[in-house]
Structure formats: structure tokens, C-alpha cells
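Student: Next up is a structure, given as C-alpha cells.
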Amino acid sequence: MTEKLIEAIGVTRHYKLAGGRVLRALDGVDLAIGRGATLGLVGESGSGKSTLGRVMVGLQSPTEGEIRFEGLNAAAADPAQSVRLRRQRQIVFQDPSGALNPRMTIGDTIIEHLRVQGWSRVEAREQAARVLDDCGLSASFLSAYPHEISGGQRQRAVIARAISTDPAFIVADEPVSALDVSTRAQIMNLLRDLQRTRGLTMLFISHDLSVVAHMCRDVAVMYLGRIVEIAPRGVLFKSPLHPYTAALISAIPLPDPARERTRRPILLKGEPPDPSATPKGCRFHTRCPRATDLCREVDPETRAFSSAHMAACHHPLTQAPVERTIA
Amino acid sequence: MLRFLAHRLAQSVVLLLGVSIIGFGLMHLAPGGPLALYTINPTVTAQDIERVKAQFGLDQPVAIQYLKWAEGMFTGNWGYSFFGGQQVREIVLDRMPATLELMGTSLFLALMIGVTIGIVSAVRRNSVADYASAVAAMIALSLPTFWFGLLAIYLFAQTLEWLPAGGVASTSGGDLVDRLRHLVLPVAVLSFVLVAQWSRYTRSAMLDILNQDYIRTAEAKGLKRSRILLNHALRACLAPLITLAGLQLPLLVGGALVTETVFSWPGMGLLFVNALGMRDYPVLMAILMVSAFVVVLGNLLADIAVALVDPRVKLGYG
Amino acid sequence: MTALLEVEKLAVSFGTMRAVDAISFTVESGEILGLVGESGCGKTTAALALMRLLRGATCTGAARLADVDLFSLDEPAMRARRGSDLAMIFQDPATALHPTIQVGDQLVETLRTHLNLSARQARSRALDLFRKVGIAAPEARLRAFPHELSGGMCQRVMIAMAIACSPLLLLADEPTTALDVTVQAQILDLLRQVTREAGMSVVLITHDLGVVAGMADRVAVMYAGAIVEMAGTDRLFAAPRHPYTRGLLASIPALDQGWDEPIPTLAGSVQSAFEVPGCRFSPRCPLASEICRSAPSLREVAPGHFVSCWNAA
Amino acid sequence: MVDVPAAEIILPRPAQRFGALRRLLRHRLAALGLIVIGLLAIGSAGAPWLAPYQPDDIDIAQRYAPPLSEGHILGSDDLGRDVLTRLLYAGQVSLSVGLAAMLVTVLVGFAVGAFAAYHGGWVDIALMRLTDIMLCFPSVFLLLFVAAFVTPSLASIALMIGLTCWMEIARIVYVQILTLKSADFIAAARMVGAPSWRIIFRQILPNTLAPILVAATLNMANAILLESYISFLGYGIQPPAASWGNMLTNAQSDFQVDPWLAILPGLAITLAVASFNFIGDGLRDALDPRMRERSAGALR
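Chains as they are written, first to last, in this note's numbering: chain F, 8 to 334; chain C, 6 to 323; chain V, 1312 to 1624; chain U, 2 to 301.
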């Protein structure tokens, strides 16, 4: 395996709610992304995938566990290291309208982003023009306000801001969900190209499996604050181990009438439980067609079924594990 | 619901505590502090003041003084008026009914008229009636109430001689008709402003609701317009309007004060202004505290009412 | 035989902006028509125009439902049809239900408005409907408020309300867009089942070609207020003729597509397409030529396959 | 290099810069308000040159001259002083008290609201509770209570009004900032380590200006009303200096002797207050993005 660029080790993130309840947005997540790789992260609303993204770039700090960037614990970084960490990790948000200050021009937004990092005004301006160009926007967009441009262009500007500090790692948090079908493909291609030309490491978050499948070599599936399965995309889609992954894959409507007629979605019972009331035992047992008493009692550990395929399930769908628990 | 009640009750207690601390602070800010009466009296010597200070406990630490004062406020021992030496509590509570009568009648009228105007303006948005009521409300809100009251007296009492100029009743009469005749002008003046406010509030709340998805659902179900308005829109409108009623209370109390001074209406407002002229701090203080108490209580009631009307509130969705 | 719904030259404008541009289509009895397009293409506006629920808009054209022209009915007659003959489901179930009325009462209200039922009869009918749309513990759920139900459950209530009076036509506006993937599968399954059972016609409005592929018998593709292509579902997906449809289909990433290749894209965006003279798609069209300065009209290129393009092969 | 998939087919459309100002001027009542305020301001500021007399020129021979009489266009008062002159000079006082009070209100309100919202934690709780507590007092009572033992001057009155009226703005700012704080563009700024003051002044402040501007305008109207009331009761601006409020001190008796003496200052107050109210209302419409979308002809 290639060198790990960023790792999440036992990351937990809790939020206190009114009435003393605790929302477990993340509940013990281990994850590592190799330098230059793109990892896809899928899950439904409330699965904690956005929280994980925000923790990975340092927008939120984990309640427990740590984030390591190039082996350095982000929470223990000294001021100089912190500055470098901020430059190295950037994020692209879901809603490009909310991600840009409505009272600032696109140029000012990027320049401000760089000025905070200590760039001179002149350099920042040049860099802003450069990254906008890399994202397919001409210099005339420097002086445009967000409401004067289209959604797709706004998302390009957000991406431009993210790459302006020449980061090594980018979290793309549902970058195409708010966009129309025809613009969606443009943005996906742009991200893919940037990832290649700049050697970016990327965590690509989406609720849409087909989008993730197109962008990423490896895919992780989240359910209620935990990663339940992780595997190379081909393996995951052909032979998923976790019943949730299988249901998720089968639920995607295909733009192909012939195959749609034969597609038999695995209909899960009910809806994801409230993340503030995680079920005991396996967190998926309330909806799982294969659930047994074991699942209701014991939380399954993550096991490796092949070198790159891991799942947390007592009754996986296809194979037997090759090794025991991984560290 | 019980939890919600307990929570809101606790909040009100905190508010009252804060109100009392600010009140206590103001009392001590006043020149001469609580002993202002004695300091302006030339026959009182410095020793006398020291003696009185000790007697009232004013030589003790501020915290103790505050506790004593708060205890007094709580138990109804509000001190004595600088003038006449009457129990402040009696003076103030004596005036309460008149103020409540004025406020209650005006608020009731204003709600009836204002809410109706607001609904009609929202439903017939951008119509002539809507614009007219908007401009009228704006002007009503721009009139200095005291001047408007004086103008009303000049017109209806002095020039046309239709109505009495002030007071609750004639010295001779005092029957129901006479009392009602005295009520007309002050209530009209006070509710004029209130109607303006309420029609604006209702209009914007109603417009907001008429733009909601669930109103479109109701239309798509084929319900009659009247049913949609009354059963769906108005029901949804209730919670924001009750909340506003609570928030607006200080304005209502303030408006009543102004109106009372103009119409010599013997309520707490008139008392306040009279006491102000004589720098009768205990009385002023008591009225300030009572009015704040009324506001806190009103807000508490409004919140409870909202919780009864809107099932989301208790769960913190509101 | 005439179709259940015949829409002829339906046009909607807000002031000078033409949101829907003289669209015509039919829906046969028991048929599901998919109405596909990106946001702002006018698909929702067209549906609301059919319900006559647009305010501040000018609607022209004709819409006949079971041979009754909806646009010539007076308001009370139209009202009597809303919710009974034609019903509508909206995108966001969380906001489409009244927040402070129990969902059971909202359903009963619909029933009693259109059917001559006593309160008790309506209540028991509501209970049946809740069972039918797969709501567990229906007695208790009748007394629930929308915020106490999940998104999927709210959409089930909306569906129960829509099918309560056995409408001839159901307008479903993005019924699953606000829901999670696994819940979307449940709701689509339910919709398919209840409409097929009752032989109901459906206009399914969505931006998701996948949803259409699995649900619709025929598909109409809209762009900037106009229908640009219409055909049977199989045919449209197998042999799309309009460059927009082609681009749209090509730009959907597929699960089994190689992850390394770029996705073919449509250039530019829909923004300001309403101001384009002639063919509104021409600024983004790879086939655009001189002739596209005048607006094309929908023509039949094969039996049942209509395309609005001068250069469509 | 990255291929550029023709995102530029549509260039940005810098259509409506200064759109808000244009919309404000199109709002007829607001435009009228602006004109009236402009005239009042010019008249008051230019009083030394425009006024026919000095404000305290007493002419016992000309007491209670009716309006339109020789030498006194708007008549004269009980001491024979010219009413027009006094109205103009009073305007100076009333408008500047209003302006100064509004500035105090905005400053205090913004500071409290911004600090509470941005800092969060116990500061938030303490400051917003203080705001709630202050809101429990009817502001007229509070104002009069303090006015009773403060030596009245232009500055002290403005300060008192400002200190009893800041709560509304504090709440507006508080809510605005809380909403903005969770916006992604703030997250982006925080992520690169922008210091708090920089986020507040560069990112947040420009976005809260619109509602503050509206509230400030409406506050100005309110401040003028409050000043007139306390001056009417005699706790505000002291004679012989004139303010619109203290010109009404004897209004009750003036109505019997010379109604115009009591009507004109009241009209001046109403005119000024209504103008600010109309401007505020127009500003709200012009600056509210939701209204823009609605008028752009969205569905309903």
C-alpha cells in the first residue's frame, strides 16, 4: 500500500443535545487514505459522513481519537505546523451558494483566503486568477459576485478557493448534489482532472453511489456514525459483504429500462434510526433482513475479508474472512 | 409538557431576578439613593442621616441590602412614599384596576380590528385596501401619542363637546354610561396605535403562511378557500401572533402610561408621572417593578399558550 | 379512443417570462408518463398549471381530463375536482403537511370534502388508507403530528391523501427527491403498487432519469419550458434523438462505467436559456446551425416518438 | 492542462449593482420620505440663515399672532416669538438627538449582539439574558426614571434614549450572526485560520448591514418620538432652547388659546417620524432578497 497521507484513528464525535441526549455523529471511525488516492464515502442522511469530512480537515475536533496528517497528530501540532496543516487540508462544500460570501466578489473571496495565510496582495491576486483559470473560469470572474453567476460556476469558484493554497488533501463534501444533471458531470470531470494534475488526495463524500463509483477507486460505506464496509469499487459493487451495502446498491434506479425491469431492490424495513438513539448491538439490526439474536446483542467488529475489503457484520453475504481483526 | 413548564418557569425566575437587580441598581443611582427624601430636607442633619442609614440597614454590605430590599419587594413591603408616608403598595395597587381596564379594553379592540385588517390585507395583497391600510398604519405609528390625545380632546371634547376630556367618571355621575363615555377617547387613542401595529404583524405573519407548502397542499386537496383561511392559515398564524402579543407587552404598558397622562386617567401611568414630578423614588421604583413583573408574567403566559397551540414547541422544534 | 388527459398548447407566463412554452401531451388511462428535466425547466409549473394552482401567472391552452376542459371550469367546479379527480403529491413531505394538525385529521378532511361520509366512516376509511400505504401502527399514527413522523412516513401520508378519493390522475412532483436512497426505493415501490392496483394514470415529474426508467411507460423531456422529446421509455433510452436528451443520458455516471474516463458533458448551463431566440437549446447544442435561429416544433420521427429539433438524425 | 469544458459560454452578468438603491427610490413613499427628511434637515441646519428671526426674539406686542399674519408666516407664541423660526431651530435639536440616540443604539446593540453571538458560551448567555431583562422594562418608564435625576442636555438625552433602546438591534445582530456563523463561507475562513476580528469585520459585518440599516432607520423614528415625549413632560430639552417636544409643553392650554401653536410642532414630529418609518419600510423591501425573488415572479 502507498504511504498514508491522512488517517483517522478511533475518531468519535458527539454532540450534546437539549435534554441531556447525546448525538453520536461519529462513533469510532478508523480510516486511512494513501497519498494521491481518492476515497469515496457514501451514506444516507444522518450517517455522519459530512461530520467525518469536517473532522478530517480540522473544521471540527474529534471528541475522542485523533487525525494524523503525514503521521502528525493534528491536535498536537505546534503553531508553525498548524499553519502548514491548514494550508494542506481544504474542503469543497455541498451548497456553492452558502460557501461563498454573497457580499464579496469571487476574486476577493479567494484573495482573502490567501491573505489570511500570509500572502501579499499582489501574489494573492495572481494566484486567484491562476486557480480560477485552472477551474475553467476566466479572469472576468474575479470581479463577479456569486449571485451573478450560475450554480456550476459558483461550485468552480469554491473549488478554485480550495486549491488556491496548493493543498495536498481535499474533502469534497457532496460537491455535486446541489447541481443539475448536466452541470454535475462537468464538475465531476473538473475534480477528477485536478486530482490527477495536482496529485491531490481526496475524500469524496456523496449519498449517490453512482457518483462515488465514478470518482473513486476505493469506497467506504457509512451507517449511523460508523464505517460498515470498505473495499475497492469493483469488489464493493460486485460482491458486497454488508447487507446494508447490498441494499444501498440495489436501491439505485438505473437509467436503463431493460435492467430496471429486472432490478429487484432489497427493500429495507423502515428508516435509519435517530443518531441520538443508536440501537444496541449491531447498529443496523433494526433494518437488517439477516439479523439474528447475536446482532441484537453484540456490536460486530470490523474484519478484513481480503487485503483491501473490510466489513463490520456478523453474517456477511459472500465470503469468510481471511484474517482476524485488524488494528 | 411538565418539563417545558418547569423550564419556562425557571427562565421567568431568572428574568425577575435580573429585573430586580437592575431595579435595585437604579434605586441606588438616584441622587441621594433611597434616602433622597432626607437629603433634600434642610432640617435633617448629617447625624440624622447616619442614624436613618443604620435604621434602614444602609450601612451594611450591598449584597445584604439587596437581599433585604428584594425580600421587601417579594413580601409586599415596598416602602413608604416620600410624600404623605403612605404604604407604596397601597398607592400603586389602588391604581392598578384603572390601568388594566384601559389596557385590556384597548388590546381587545385592537386585536379584533387589527387582526381582521391584517388578514384582509394579506389575502388581498397589493390591492387598494392593502396599500391604504399600510399607509394609514404607518402614519398612525408616527403620531406622537400624547399629541394625538391632546388633539382628540381638543376636537371631540372641547370643540364638538361630544365626550368628556378626561378622568374615569364625572364627579357627579359615575353610572355605567358615564364611565363608558369616559372610556371612549383614551381607548380610541391607545388602540389606534395598537391596531396599526397588529395589522402590520398579522399581515406579514399571514403572508408568510400563505406562501407555505402546506397551504398549497390544502388547495390541491380541493378545500374551500374559507376553510383554508380559517382552519389552516389562521391556525398556523396563532402561534406567531401570541408570541408577538407577549413581546409587545412593554410597548402596550408604555403606551398606556402616555395615554393616561394625557387623559388624566387615574392609573399607574398617571401616578408615575406625578411621582416623577415629586421625585418620589419608592413609588417610581414600585411601578417600574410591577410593570416589569407584568411583562414577565405576560410572556410566560404567551409561551404556555403557544405550546398549547403548536405541538412542535415542547420538543424544541419551534 | 381519446386519452384520459389531453394537454394542448399549454403555456404559462409570469409577466414577460414564459415559463412553459406551448407544450402538448397526452396521458392514457392507467399510463405513467415521466416528465423529465432539470430545475427551472418548467415541469413543476406545468403540473401546477394543470391543477390551476398558479397565482400571478397567465395560462393559455387547453387541458382536458376525461373530456372535461379544466381551464373552462368555474372555480367551485374545479375545486370539486382537485383532490378527487386529479390529485398531487409534492416534493418535500416535511413542509407539505400542516405542522399543527394531526395527520389523520388532514386525511379525514380530504375524504369528507369530496365524499359524503360521516366522521366515523371517514375515520375508518382513513385507517384503511394508512394500512394500504404501509404505515405501521395506523391507529396511533392517525393522531401523530407531521414532526413526529420521518420523511418517508410523511410521504406515505401524502400518498394516502392523494389516493384517498381514487383520482383518475395523479401528479407526482419529485416524490422521492427529498428522501434517502433506501427510503426512495420503498416509496417508489409503493407508488407503483397503489397506482397499478387502481388503474390510476400518473404524471411523474422528476430530474432523475433512473427513476423514470423504472417507473414510466412513456417519457417527455423538457428543456427551458418546452418538451424537446417524447417517446416510449424503452425507445427514448435506447434511441434518443434530441441532442439534449442524448447529452443528459450520456452525462449520468453509471455504476459499472470505468472510473478513469471523463464523463461526456453538455457544455454551459441552463441559465438564461429562456431568453434565447429560436431553439432555446442551440447555444449549448453540438449540432446547432443557422436554421436553429427559428424555433423548431415537435414532429413525429417514428411512431410515437416526437422530437423538437431541426437537425435530429 | 485541465480541459476547460466551456463553462464560460455564459459570462457573469453584473446587471444590478446599486440595485437596492434603485429599488428604494422606486418605492414611492420611501422616496417621499427621503425628500421630506432632506428638506427638514436642510431647513434645520440652515436655520441661522433661513429663519426670519432669532429663536428667542421676544415681541410682547405680537403675542399669539395667527399663522399667515404679517411678519409671522406660521404665527407667534405666547411670548411673541416667531413659530417658524422656533420650529427650524427645534428641528436641529430633535433631529440631532434622534441621530445621536440612533448611533448609540446601533453601537451598543451591535456590540452586545455580535459579542454574544460570536463568543458563545457564558458570554452569550449573560449578554442575551441582560437583553431579555432590559426588554421587560417598558422603555418609556425606564427613560423617565433615569431622566428624573440626570441633568438634561442634548448629549445626555441621546445617551439615555440610546441606552434604553439598544435591545432590539442586539437581537437582530445576534440572530443574524448566529445564522451566518454556521454558513460554509465562514467555515472556510476559519479553516485557514482567520482571526475572529477579521471574520467579523470582513465576512460577517457586510452581511448584517442591511437589517441593521433598516432597524437603525426605524430606531431614529422612535428616538424622535421618545425625545418629544420627555421634553413635553419637561424632563428633556429645557427652555428657552426649543425642541419639537418642549414646544408642546403648554399644548393643553394652547389648544384653547391658539390651536395652531399646539398643532404645528406635532405635525413636524409626525412628518419627520413618518418619513423615517417610510424610508425604513422601503429599505426593508429593497434590501430583502426574498422580496426580490418574489417580485421576480416565482410561483406564488
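Quick reminder that beta carbons are idealized off the backbone N, C-alpha and C, glycines included.
Straight-line CA distance for alanine 82(F) to serine 68(F)?
Tutor: Whole-angstrom Cα-Cα distance: 8 Å.
Student: What does DSSP give as the partner residue(s) for methionine 1328(V) in the beta ladder?
Tutor: Paired residue(s): Phe1325(V).
Student: Consider the Cβ of aspartate 1416(V): report whether some Cβ of chain F lies at a distance smaller than 8 Å.
Tutor: Answer no: the Cβ-Cβ gap between aspartate 1416(V) and chain F never drops below 8 Å.
Student: Using a Cβ cut-off of 8 Å (strictly closer), state whether alanine 102(U) contacts chain F.
Tutor: Not one chain F Cβ lies under 8 Å of alanine 102(U).
Student: Counting only C-beta atoms, is valine 1494(V) closer than 8 Å to chain F at any point?
Tutor: By this cut-off, valine 1494(V) is an interface position.
Student: Under 8 Å between C-beta atoms, does arginine 203(U) make it to chain F?
Tutor: Yes, contact with chain F.
Student: Please classify glutamine 160(F): does DSSP put it in a helix, a strand, or coil?
Tutor: Three-state result, glutamine 160(F): helix.
Student: For the candidate residues Arg1390(V), Phe1325(V), Pro1410(V) and Gly1536(V), whose alpha-carbon lies nearest to that of serine 1350(V)?
Tutor: Of the listed residues, the one whose Cα sits closest to serine 1350(V) is Gly1536(V).
Student: With a threshold of 7 Å on Cβ separation, who are the neighbours of valine 3(U) within its own chain once the five nearest residues in sequence on each side are excluded?
Tutor: Only weak support is given to the placement of valine 3(U): the predicted model assigns it a pLDDT of 37, under 50, and the value that follows is read from those uncertain coordinates. Within the same chain, valine 3(U) has no close Cβ partners at all.
Student: Regarding arginine 100(C) and the ligand MN, is the C-beta to nearest heavy atom distance less than 7 Å?
Tutor: This structure lacks the ligand MN, and indeed carries no ligand of any kind.
Student: Near glutamate 71(F), which residues of its chain fall below 6 Å by C-beta distance, leaving aside the five closest residues on each side in sequence?
Tutor: These residues qualify, in order along the chain: Thr19.
Student: Cβ atoms of valine 113(U) and leucine 89(U): under 8 Å apart, would you say?
Tutor: Cβ atoms of leucine 89(U) and valine 113(U): not closer than 8 Å.
Student: Strictly below 7 Å CB to CB, what residues from chain D border tyrosine 159(C)?
Tutor: The structure shown contains no chain D; the protein chains it does contain are F, C, V and U.
Student: At least one CB of chain V closer than 8 Å to the CB of methionine 209(F): is that the case?
Tutor: Not closer than 8 Å to any Cβ of chain V, the Cβ of methionine 209(F) fails to qualify, so no.
Student: Should the segment 303-321 of chain F be regarded as contacting the segment 1524-1534 of chain V, the criterion being three or more beta carbon pairs within less than 8 Å?
Tutor: These segments do not touch.
Student: Return yes when the Cβ of alanine 254(F) is within less than 8 Å of the Cβ of arginine 240(F), no when it is not.
Tutor: Contact flag unset, no.
Student: With leucine 1630(V) and isoleucine 1516(V) assumed to form a contact (beta carbons below 8 Å), what rounded beta-carbon distance in angstroms separates them?
Tutor: Outside the shown range of chain V, which is 1312 to 1624, sits residue 1630(V), and nothing can be said about it.
Student: Please go through the same chain and pick out, in chain order, the residues whose beta-carbon is closer than 6 Å to the beta-carbon of isoleucine 200(U), but skip the five residues on each side of it.
Tutor: Taken in chain order, the residues that qualify are Ala190.
Student: According to DSSP, simplified to helix, strand and coil, what is leucine 274(F)?
Tutor: Three-state DSSP puts leucine 274(F) in coil, outside helix and strand.
Student: Do isoleucine 170(F) and leucine 201(F) have their beta-carbon atoms positioned less than 8 Å apart in this structure?
Tutor: Yes, these two residues count as a Cβ contact at 8 Å.
Student: For the alpha helix (DSSP H) that contains arginine 20(F), what are its first and last residues?
Tutor: Note, arginine 20(F): premise wrong, no alpha helix (DSSP H); beta strand (DSSP E) at 11-23.
Student: Helix, strand or coil, according to DSSP, for alanine 1447(V) in the structure here?
Tutor: In this structure, alanine 1447(V) counts as coil in the three-state DSSP scheme.
Student: Helix, strand or coil for valine 173(C)? Go by DSSP, reduced to three states.
Tutor: It is coil, neither helix nor strand.
Student: Below 8 Å on C-beta distance, what does glycine 194(U) contact in chain F?
Tutor: Ordered by position in chain F, the residues that pass the 8 Å Cβ test against glycine 194(U) are Ser89, Val90, Arg93, Val123 and Gln124.
Student: Specify whether the segment 226-240 of chain U and the segment 79-87 of chain U touch according to this definition: at least 3 beta carbon pairs, one from each stretch, less than 8 Å apart.
Tutor: With the cut-off at 8 Å, the segment 226-240 of chain U and the segment 79-87 of chain U do not touch.
Student: Provide the residue(s) that pair with serine 45(U) in DSSP beta bridges, ordered along the chain.
Tutor: According to DSSP, which records beta bridges pairwise, serine 45(U) is partnered with nothing at all.
Student: DSSP has aspartate 180(F) in a bridge; who is on the other side?
Tutor: Answer is Ile212(F), bridged to aspartate 180(F).
Student: From Ala131(F), Gly114(F), Phe176(F) and Leu243(F), pick the residue whose C-alpha is nearest to that of alanine 44(F); which is it?
Tutor: Among Ala131(F), Gly114(F), Phe176(F) and Leu243(F), the Cα nearest to that of alanine 44(F) is on Phe176(F).
Student: Would you verify that the beta carbon of alanine 127(U) is, or is not, closer than 8 Å to some beta carbon of chain C?
Tutor: Taking Cβ atoms only, chain C never reaches closer than 8 Å to alanine 127(U), which makes this a no.
Student: Name the one or two DSSP bridge partners that leucine 1480(V) has.
Tutor: BP columns for leucine 1480(V) point to Leu1397(V) and Ser1512(V).
Student: Serine 254(U) by DSSP, collapsed to three states: which one?
Tutor: Reduced to three states, the DSSP call for serine 254(U) is helix.
Student: Return the Cβ separation of glycine 281(U) and alanine 222(U) in integer angstroms, given the expectation that the two are a contact with Cβ distance under 8 Å.
Tutor: Sure, about 7 Å apart at Cβ, within 8 Å.
Student: Whose C-alpha, out of Val301(C), Val200(C), Ser231(C) and Ile247(C), is nearest the C-alpha of threonine 121(C)?
Tutor: Here the closest residue by C-alpha is Val200(C).
Student: Taking the beta strand (DSSP E) that alanine 311(F) falls in, what are its first and last residues?
Tutor: That run of the beta strand (DSSP E) goes 310-313.
Student: Which same chain residues, not among the five before or five after leucine 21(C), have their C-beta less than 6 Å away from its C-beta?
Tutor: The residues are Val301.
Student: Proline 86(F) and histidine 154(F) - do their beta-carbons sit closer together than 8 Å?
Tutor: Contact: no.
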